[in-house]
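Chemist:
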Amino acid sequence: MPPTIKTNSRDLRSNMTDAEQHLWRHLRMRQLNGLKFRRQHPCGNYILDFACVETKLAIELDGSQHQQQIEYDKNRTEWLNGKGWKLLRFWNNEVLQSSESVLEAIDEYCQK
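Start counting the sequence shown at 1454; every next residue gets the next number (our numbering).
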């Protein structure tokens, strides 16, 4: 793992968005089915917003997107899928306004 990825992931953990902080309160300390989630987890050349290594589940929260971000996300998704990871994406406003449905979707995937 490149040193900048590790440094960037530490910085991101210190500067989480409101939506990331909100979701983290529900995922931390094995609150969801006893699964351990990590925040701003380095994976290859990417940093995942949240990751459950044992189920190979990556969770990404998105704000607004532009064309460059769409292409980057597509490449990251393909790379993660190639490594056996499943990626769930949620909009920031979904997490902040409908956190129960977001948690249900995550829980549903983890029970597969």
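Yeah, the Cβ is synthetic: ideal placement off N, Cα and C, and Gly gets one too.
In whole angstroms, what separates the C-alpha of Q1520 from that of V1555?
Modeler: 25 angstroms
Chemist: Spatial neighbours of R1491 within its chain, please: CB distance less than 6 angstroms, with the 5 preceding and 5 following residues excluded, ordered by chain position.
Modeler: Around R1491, the same chain offers A1504 as residues with beta carbons nearer than 6 angstroms, after the five sequence neighbours per side are excluded.
Chemist: So N1528 and T1470 are in contact, right, with Cβ under 8 angstroms, and what is the actual spacing, rounded?
Modeler: With 8 angstroms as the limit, N1528 and T1470 do not qualify as a contact, their Cβ atoms being about 22 angstroms apart.
Chemist: Would S1517 be called buried (16 or more neighbouring beta carbons within 10 Å of its own) or exposed?
Modeler: exposed
Chemist: Enumerated in chain order, which unbroken segments of the beta strand (DSSP E) with a length of 3 residues or greater are wholly contained in the segment 1502-1553?
Modeler: Entirely contained in the segment 1502-1553, the beta strand (DSSP E) runs reaching 3 residues are, in chain order, 1510-1515 and 1539-1544.
Chemist: Please state if the CB of L1501 and the CB of C1563 are separated by a distance shorter than 9 angstroms.
Modeler: No.
Chemist: Which of the three DSSP states is assigned to Q1474 in this structure?
Modeler: helix
Chemist: Since R1463 is in the alpha helix (DSSP H), which residue starts that stretch and which ends it?
Modeler: P1456 to S1467
Chemist: Grab the span of the beta strand (DSSP E) containing Q1493 for me, first residue to last.
Modeler: R1491 to C1496
Chemist: Hey, out of P1456, L1541, D1526 and R1463, whose CA is closest to T1508's CA?
Modeler: It is L1541 whose Cα lies nearest to the Cα of T1508.
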